[in-house]
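In the working numbering, the protein residues as written are 183 to 333. Yeah, the Cβ is synthetic: ideal placement off N, Cα and C, and Gly gets one too. Bear in mind the structure is a predicted one, so any value in this text is a computation, not a measurement.
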């Protein structure tokens, strides 16, 4: 177990350095990338919370911060006056188009280059199996335990 925690911590530390150069946290990046991969680059706030593993108040704080930077905006949810939708803005798209290559380079440097092609294939297969297991029964991609906005 210590090895898993050590590897995870080391990889996150390297990615945090990359994110911090753009004024982002890992959680900010997670929210932005999930919006970018969603239809019409938008998600209900509750779905974004579930997909990031954050509480609704946690995702509200993240979206507030991203909204102040102009990377995300909020719109009323059609058909549900109580709900709102987070939408990736053109500046958010621009930031991701500049930032994602840096993230990929960091992942390549600190993760994939450490493995042979065979090891990488086996690891990816194992990671997919673990993801299916830990997310089994979770609605809309939610994790079993919500993270906080500071995670």
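By the neighbour-count criterion, in which 16 or more other beta carbons inside 10 Å mark a residue as buried, residue 246 falls on the exposed side.
Taking 8 angstroms as the cut-off, the beta carbon of residue 259 is found closer than this to the beta carbon of residue 265. For residue 265, the enclosing beta strand (DSSP E) starts and ends at 262-270. Straight-line measurement puts the Cα of residue 263 at about 23 angstroms from the Cα of residue 216. Across the set 242, 205, 225, the C-alpha of 225 shows the shortest separation from the C-alpha of residue 267. In this structure, residue 238 sits near residue 227, with a CB-CB distance shorter than 8 angstroms. Taken in chain order, the complete alpha helix (DSSP H) segments of 4 or more residues contained in the segment 278-309 number zero; there are none. Per DSSP, the unbroken beta strand (DSSP E) holding residue 225 starts and ends at 224-226. Residue 217 carries a helical assignment under DSSP once its states are collapsed to helix, strand and coil.
In the three-state reduction of the DSSP assignment, residue 230 falls in the helix class, which pools H, G and I.
Spanning the alpha carbons of residue 243 and residue 231 requires a straight line of approximately 11 angstroms.
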